[in-house]
Amino acid sequence: MIILIFIVSGLIILILSLAFTGSQTPFVDTPGAPAVGNVGEDVRLGCRFRPSGPGAEPADAVSVTWERAGLRGVVFRYQNRAAQLQDQNPRFRDRAQIFPGLLPSGNASLLLRRVELRDAGLYRCSVSAPSGRGTVSVAAYSPLSFTLKEQNLTAEAQRWYPKPSVSWSDHEGRPLNASSRFFNNSAGIFRVVTTLLDPVRYDDTYTCLISNDLVTSVSPATVTERGVTARTYFTFNLSPPLMPLHLVFIAPLHLGAYYLLT
């Protein structure tokens, strides 16, 4: 009886082992942190896969399909070693592609050109039968420009999305009082204008920080008698919560390649 139990247990373990082995190949995932694309710029949506193993068809012969949740048609489909765009959603025409030359190494990433705000959403990459999911965030962000008038320092950013928060500090990191205004256009993109309430002093440095869930900009500005010298540094907040696909802009009209392509 004990021997029979061991035999049955061994068979169960063998069956489970074969089942799990079969389910693990091929394997598809989205490597790295969620991507953040900048409106108007190109963004890359990562998707990697592991070929089926010995005897399987070569990686450059697999089929790859990219879809976006909530939209009819595909973003891009590659099959039989060629793009198959008969059922492509019109909004992605001439804007989406993969890289067939990278398929043998297991790379099925999508390049989405000229990112638009309406591209926001959850994208799905399918390679052959198995599939994986990836999130791309699209935001709007642009560097600050500074103006000095009668000892009043004003900073302006042309494009931000989602709506950010604004704060100022002096060279020792102490918070400063400021007045900030937000103007949004028909596309929902915000222009930010913020002014320090107290007069500034020459040869001092003042830092303006603008931040939303996706992007943070830090802009130290040094005031001199000749004017204002400033730089803007961007960091990307890629930890949750990330919206299903957000968009990102940069600088007056060319949107954000400080990136990265969510």
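Note that the sequence shown covers residues -19 to -1, 1 to 243 in mature numbering (1 follows the signal peptide of the UniProt record, and there is no 0).
By construction, the Cβ of each residue, glycine as well, lies at the ideal position given by its N, Cα and C atoms.
- Per DSSP, the unbroken beta strand (DSSP E) holding residue 188 starts and ends at 186 to 192.
- By the Cβ rule, the segment 49 to 66 counts as touching the segment 76 to 88, because three or more pairs are nearer than 8 Å.
- DSSP lists 92 as the bridge partner or partners of residue 25.
- In the structure shown, the three-state DSSP call for residue 80 is coil.
- Apart from the 5 residues on each side of it in sequence, residue 209 sits with its Cβ closer than 6 Å to the Cβ of 127, 129, 202 in its chain, given in chain order.
- Excluding five sequence positions before and after residue 132, the CB atoms of its chain that fall closer than 7 Å to its own CB belong to 180, 181, given in chain order.
- When the beta-carbon positions are compared, residue 25 and residue 83 stay at least 8 Å from each other.
- A straight-line Cα-Cα distance of about 45 Å links residue 50 and residue 155.
- Nearest C-alpha to residue 194 among 46, 141, 73: 141.
- Residue 19 is bridged by DSSP to 120.
- Taking the C-beta atoms as reference points, residue 122 is found nearer than 8 Å to residue 196.
- For residue 102, the enclosing beta strand (DSSP E) has its first and last residue at 102 to 108.
- Following the DSSP letters along the chain, one finds residue 133 inside the beta strand (DSSP E) bounded by residues 133 to 141.
- Ranked by Cα distance from residue 98, the first of 153, 198, 21 is 21.
- Remark: C-beta atoms of residue 192 and residue 213 do not approach each other more closely than 8 Å.
- Look at residue 182 here: in three-state DSSP terms it is coil, with no helix or strand label.
- Taking the Cα of residue 27 as reference, the smallest distance to any Cα among 137, 204, 107, 216 is reached at 107.
- The distance from the Cβ of residue 183 to that of residue 205 is about 6 Å, consistent with a contact at the 8 Å cut-off.
- Remark: C-beta atoms of residue 30 and residue 87 approach each other more closely than 8 Å.
- Residue 143 is positioned such that its CB atom lies no closer than 8 Å to that of residue 168.
- Inclusion of residue 177 and residue 134 in the CB contact set at 8 Å is warranted, their separation being smaller than that value.
- Around the beta carbon of residue 19, 16 or more other beta carbons sit within 10 angstroms, so the residue counts as buried.
- Just measuring C-alpha positions, the residue of 185, 190, 48 sitting nearest residue 102 is 48.
- Assignment of residue 125 by DSSP, reduced to helix, strand and coil, places it in the coil class.
- Residue range 159 to 165 is occupied by the beta strand (DSSP E) that includes residue 159.
- It is roughly 10 Å from the alpha-carbon of residue 147 to the alpha-carbon of residue 198.
- Looking at the backbone, the Cα of residue 159 and that of residue 136 are separated by about 11 Å.
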